[in-house]
Structures are given as C-alpha cells and as structure tokens.
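Trainee:
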Amino acid sequence: MSSAPTISSAPKILVFDSGLGGLTVFVEVAKLRPHATLLYCADDAGFPYGPLSEEALVARVMLVMESLVAAHAPDLVVIACNTASTRVLPHLRARWPNLPFVGTVPAVKPAAERSRSRLISVLATPGTVTRDYTRALIASFAEGCEATLVGSSRLAPIAEDFLRGAAVSEAEIAAEIAPCFVQRPDGARTDVVVLACTHYPLLLDFFRRLAPWPVEWIDPAPAIARQADRLLLQRFGADRIGFREPPRAIFTSGARPVPPLAAALSRLGFAASPRNAPQG
Ligand code: DGL
469 MSSAPTISSA
479 PKILVFDSGL
489 GGLTVFVEVA
499 KLRPHATLLY
509 CADDAGFPYG
519 PLSEEALVAR
529 VMLVMESLVA
539 AHAPDLVVIA
549 CNTASTRVLP
559 HLRARWPNLP
569 FVGTVPAVKP
579 AAERSRSRLI
589 SVLATPGTVT
599 RDYTRALIAS
609 FAEGCEATLV
619 GSSRLAPIAE
629 DFLRGAAVSE
639 AEIAAEIAPC
649 FVQRPDGART
659 DVVVLACTHY
669 PLLLDFFRRL
679 APWPVEWIDP
689 APAIARQADR
699 LLLQRFGADR
709 IGFREPPRAI
719 FTSGARPVPP
729 LAAALSRLGF
739 AASPRNAPQG
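469 is the number of the first residue of the sequence shown in our numbering; add one for each residue after it.
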C-alpha cells in the first residue's frame with residue numbers, strides 16, 4: 469500500500485531591511501523557496517539605519533518587528549541588513565526564542581579564502597564598520613589578511629535613488645568606493661571587496677565600471693538564502709506543496725512606491741498594490 473504524500477502549508481518567510489537593499493536577498497530566497505509565502509518589509513520610515521546609534525537601532529528594529537510578527541506570524545525571518553544583524557540579532561532571538569532569524573553579516577571568511585594578495589576590503593555602512601561583531605569576524609576569519617573597513621553613508625541612499633529611477637552621480641559612487649582600493653609599496657593590491665550592505669549589490673554594475681582595477685565583489689545573498697533554506701528544511705521538510713501567492717511588500721512609511729520602483733517590484737513578482745504595515 470502506498471502512503472499518501474504529506475501535504476502541509478508552505479512556510480511564511482519575512483525578509484526585512486531598512487529599505488530596498490534586502491531585495492537582493494529576497495530574490496535568492498524566492499529562488500530556493502518557490503512555494504513559500506513571502507513578505508518583504510522595508511522600514512523606509514526608519515531608513516537609513518547606517519548612521520543610527522546602537523541603542524536607537526535596537527529600539528527601532530524591535531519596535532517594527534513587534535508589529536510585523538504580531539500582524540503576520542512568520543515562520544522564519546531573514547534580517548537582510550548587515551547594519552541590523554551585526555547588532556540586533558541577539559535581542560530578536562531572545563524576544564522570539566521559537567522563531568528562527570537568519571542574519572546577514574559581512575562575508576569576511578569567503579573574502580579571506582579567495583584573496584591572493586591578502587588585501588581585502590569590507591564596504592559597509594558607518595554602523596557596520598564600527599561594530600564589535602565585524603571586528604571579531606575579521607580577527608577570527610581574516611588572519612594573515614590586511615582588512616580595510618570602509619564605511620559609506622552615501623551608497624545606501626544612492627542605491628535607493630537608483631531603484632526609484634532617480635539619476636545617480638557616478639563621480640559620487642567612484643569617490644565612495646575609492647578607499648576600498650589599497651596598493652602597497654610592494655605593488656600588492658586589494659583583490660576582494662565584501663559587499664557588507666545589502667543595498668550595494670544594486671549598484672554592482674557601477675562598482676565594476678568605476679573600480680580603479682578589477683576585484684572580486686562578494687555578495688553574500690545566495691549563502692544567506694541557503695541558510696534560510698536549511699533552517700526551513702529542519703522545521704518543515706523539503707517537499708512543500710503549496711499555492712504560491714505573489715509576494716507582498718510592506719513599507720513602514722505607508723508611502724506607495726513611485727512608478728519605477730513599482731515596475732521593479734512587479735518584475736520581481738510582487739503583487740501590484742503593496743500593503744502597508746502599521747507604523748513602527
Ligand atoms: N541594507 C542595510 C545593510 O545591509 C543598511 C542600509 C541603511 O539603512 O543604512 O546594512
């Protein structure tokens with residue numbers, strides 16, 4: 469006698485960021501979990517997180533997450549934000565011990581493994597570069613490398629403008645990435661740059677074009693999606709049968725996306741009218 473297949477409802481995954489950068493992680497999660505119910509939340513009312521003090525950041529993320537969890541009861545949350553993950557994850561896990569949180573932290577280990585010159589750079593927000601967590605990652609995983617930490621307060625807002633269809637200044641982008649490129653007197657040059665803010669892959673074409681020399685840019689999004697998938701496998705198994713609803717986007721400001729952003733969201737498969745969350 470053959471046993472009937474197990475049918476259970478698809479897990480609900482919430483992908484969270486201060487703004488649109490987490491979409492770079494969202495697309496990878498959506499690829500691996502085609503039947504999941506996907507929600508994307510941009511805390512655009514709190515954007516940018518980069519310049520916030522650690523206390524203000526913790527308070528903000530906890531406040532917004534409180535209303536998101538209450539309203540949507542996700543099965544797993546991806547914090548698609550390095551600035552938040554490097555500081556807030558322990559608070560989130562303590563508050564919701566039964567809800568898995570997958571964080572996004574600077575990909576220092578793969579960068580150190582891939583660098584031949586042993587000169588790597590970590591391009592992030594001003595918040596992420598000052599975190600103890602980031603320094604501990606470098607101490608643990610970049611032994612033998614010289615790691616240059618570059619905190620940019622402009623690139624995340626530029627990436628937001630870009631996705632909203634506004635003109636961006638290439639000269640400004642070039643100036644923001646320039647400190648990543650280090651050349652020692654012996655000729656050794658930076659050969660790997662970690663994209664340690666989820667907004668930055670949105671600007672990758674500019675970075676490649678404006679870099680003073682070619683480097684490998686490390687985008688951790690596929691690895692984050694694999695980690696989310698692993699955790700879901702442990703909890704829900706592999707065989708998901710479900711009707712895939714279009715993903716929904718939530719903007720904490722309540723603002724409706726401008727037409728170029730609405731078009732970009734629709735290309736990613738989002739429902740036409742993003743719903744808004746209660747103000748955090
Ligand atoms: N996308 C966020 C990150 O990965 C930060 C952008 C910001 O809010 O400053 O760090």
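The C-beta atom is built at its ideal place from N, Cα and C for all residues, glycine as well.
Which word fits aspartate 485, buried or exposed, when buried means at least 16 other C-beta atoms lie within 10 angstroms of its C-beta?
Mentor: Taking the first residue of the sequence shown as position 1, residue 485 is located at position 17. Burial call: buried.
Trainee: So, at 7 Å on beta carbons, what are the nonlocal neighbours of asparagine 744 in its own chain, with the 5 sequence-adjacent residues on each side left out?
Mentor: Taking the first residue of the sequence shown as position 1, residue 744 is located at position 276. Because the pLDDT of asparagine 744 is 48, which lies under 50, any placement of that residue in the model is unreliable, and the number read from its coordinates should be weighed accordingly. Excluding residues within five positions, the ones whose Cβ falls inside 7 Å are Ile718, Phe719 and Gly722.
Trainee: Does DSSP classify valine 726 as helix, strand or coil?
Mentor: By 1-based counting over the sequence shown, the position of residue 726 is 258. Here valine 726 sits in coil by DSSP.
Trainee: Which first and last residues belong to the alpha helix (DSSP H) in which serine 553 is found?
Mentor: On the sequence shown, residue 553 is found 85 positions in, with the first residue counted as 1. 550-563 is the span of the alpha helix (DSSP H), which, as asked, contains serine 553.
Trainee: Would you say the beta carbon of phenylalanine 515 is closer than 7 Å to some non-hydrogen atom of the ligand DGL?
Mentor: As a first step, residue 515 is located in the sequence shown; it is residue number 47 there, counting from the start. Phenylalanine 515 Cβ: within cutoff of the ligand DGL.
Trainee: Return the Cβ separation of valine 590 and alanine 664 in integer angstroms, given the expectation that the two are a contact with Cβ distance under 8 Å.
Mentor: By 1-based counting over the sequence shown, the position of residue 590 is 122. By 1-based counting over the sequence shown, the position of residue 664 is 196. With 8 Å as the limit, valine 590 and alanine 664 qualify as a contact, their Cβ atoms being about 5 Å apart.
Trainee: Identify the continuous beta strand (DSSP E) that holds phenylalanine 630 and give its terminal residues.
Mentor: Numbered from 1 along the sequence shown, position 162 holds the residue referred to as residue 630. That residue, phenylalanine 630, is in no beta strand (DSSP E); its alpha helix (DSSP H) goes 623-631.
Trainee: How far does the beta strand (DSSP E) with phenylalanine 484 in it extend, from its first residue to its last?
Mentor: Indexing the sequence shown from 1 puts residue 484 at position 16. It spans 480-485 - the beta strand (DSSP E) in which phenylalanine 484 sits, taken as one unbroken run.
Trainee: Could you check how far apart the C-beta atoms of threonine 658 and asparagine 550 are, in whole angstroms? I think they sit under 8 Å.
Mentor: Start at 1 with the first residue of the sequence shown, and residue 658 comes out as number 190. Start at 1 with the first residue of the sequence shown, and residue 550 comes out as number 82. About 19 Å separates the two Cβ atoms, so there is no contact after all.
Trainee: Does the stretch 487-494 come close enough to the stretch 519-537 that 3 or more CB-CB pairs lie under 8 Å?
Mentor: No, the stretch 519-537 does not touch the stretch 487-494.
Trainee: Report the three-state DSSP secondary structure of phenylalanine 649 (helix, strand or coil).
Mentor: Here residue 649 is taken as the residue at index 181 of the sequence shown, counted from 1. Correct three-state label for phenylalanine 649: coil.
Trainee: Between the Cα of valine 493 and the Cα atoms of Ala739, Glu713 and Gln695, which residue gives the shortest distance?
Mentor: For the purposes of this step, residue 493 is identified with residue 25 of the sequence shown, where counting begins at 1. When each option's Cα is compared against that of valine 493, the closest is Gln695.
Trainee: Any chance the stretch 578-594 sits against the stretch 604-618, with 3 or more Cβ pairs inside 8 Å?
Mentor: Judged by Cβ distances under 8 Å, the stretch 578-594 makes contact with the stretch 604-618, as three or more pairs qualify.
Trainee: How is threonine 474 classed by DSSP in three states: helix, strand or coil?
Mentor: Residue mapping note: residue 474 aligns to position 6 of the sequence shown, counting from 1. Model confidence at threonine 474 stands at a pLDDT of 44, short of 50, so the residue's coordinates are unreliable and nothing is read from them.
Trainee: So which of Leu699, Leu623, Ala562 and Val683 has the shortest CA-CA distance to valine 650?
Mentor: Position 182 of the sequence shown, counted from the start, is the residue given in the question as residue 650. Cα-wise, what sits closest to valine 650 is Val683.
Trainee: From this set, Pro558, Met530 and Lys577, which residue's C-alpha is nearest valine 570's C-alpha?
Mentor: Stepping through the sequence shown from its first residue, residue 570 is reached at position 102. Minimum Cα distance to valine 570 is reached at Pro558.
Trainee: Compute the Euclidean distance between the alpha carbons of leucine 525 and glutamate 496, then round it to the nearest angstrom.
Mentor: What you label residue 525 is simply residue 57 of the sequence shown in a count that begins at 1. What you label residue 496 is simply residue 28 of the sequence shown in a count that begins at 1. Between leucine 525 and glutamate 496, the C-alpha separation is close to 26 Å.
Trainee: If you pair each beta-carbon of the stretch 669-684 with each one of the stretch 535-550, do three or more pairs fall below 8 Å?
Mentor: Flag = no, the stretch 669-684 and the stretch 535-550 do not touch.
Trainee: Within a Cβ cutoff of 7 Å, which residues of the same chain sit near arginine 698, ignoring the five residues on either side of it in sequence?
Mentor: On the sequence shown, position 230 is the one that residue 698 refers to. Same-chain partners within the cutoff: there are none.
Trainee: In the DSSP assignment, the alpha helix (DSSP H) including alanine 580 goes from what residue to what residue?
Mentor: As a working note, residue 580 is residue 112 in the sequence shown. Taken as a continuous stretch (DSSP letters only), the alpha helix (DSSP H) holding alanine 580 covers 576-582.
Trainee: Can you tell me whether glutamine 747 is helix, strand or coil according to DSSP?
Mentor: Here residue 747 is taken as the residue at index 279 of the sequence shown, counted from 1. In this prediction, glutamine 747 has a pLDDT of 41, which is less than 50 and means its spatial position is unreliable; what the coordinates show is noted afterwards. Three-state DSSP puts glutamine 747 in coil, outside helix and strand.
Trainee: Check whether the Cβ atoms of valine 660 and serine 583 sit closer than 8 Å, and answer yes or no.
Mentor: Taking the sequence shown and counting its residues from 1, the one referred to as residue 660 is at position 192. Taking the sequence shown and counting its residues from 1, the one referred to as residue 583 is at position 115. Yes; because the gap between Cβ atoms is below 8 Å, this pair is in contact.
Trainee: Can you check the stretch 637-690 for any alpha helix (DSSP H) of at least 4 residues that lies completely inside it and give the ranges in chain order?
Mentor: Segments of the alpha helix (DSSP H) lying fully in the stretch 637-690: 638-645 and 672-678.
Trainee: Give a yes or no on whether the C-beta atoms belonging to leucine 536 and leucine 482 are separated by under 8 Å.
Mentor: Stepping through the sequence shown from its first residue, residue 536 is reached at position 68. Stepping through the sequence shown from its first residue, residue 482 is reached at position 14. Going by C-beta atoms, leucine 536 is nearer than 8 Å to leucine 482.
Trainee: Using a Cβ-Cβ cutoff of less than 6 Å, which residues in the same chain neighbour glutamine 747 once the five nearest sequence positions on both sides are dropped?
Mentor: Along the sequence shown, read from residue 1 onward, the residue named residue 747 stands at position 279. Caution applies to glutamine 747, whose pLDDT of 41 falls short of 50 and renders its modelled position unreliable; the value that the coordinates give is listed next. Excluding residues within five positions, none has a Cβ falling inside 6 Å.
Trainee: Determine, using beta carbons only, whether proline 519 comes closer than 8 Å to chain C.
Mentor: Within the model displayed, chain C is absent; a lone protein chain is all it includes.
Trainee: Between Glu534, Glu638, Pro565 and Ser620, which lies nearest to tyrosine 517 when the distance is taken from Cα to Cα?
Mentor: The residue given as residue 517 occupies position 49 in the sequence shown. Looking at the Cα atoms, Ser620 is the closest of the given residues.
Trainee: List the DSSP bridge partners of tyrosine 508.
Mentor: One-based indexing of the sequence shown puts residue 508 at position 40. According to DSSP, tyrosine 508 bridges with Val483 and Ala717.
Trainee: How far does the alpha helix (DSSP H) with valine 493 in it reach, from first residue to last?
Mentor: Residue 493 sits at position 25 when you count from the first residue of the sequence shown. Valine 493 -> alpha helix (DSSP H) spans 491-500.
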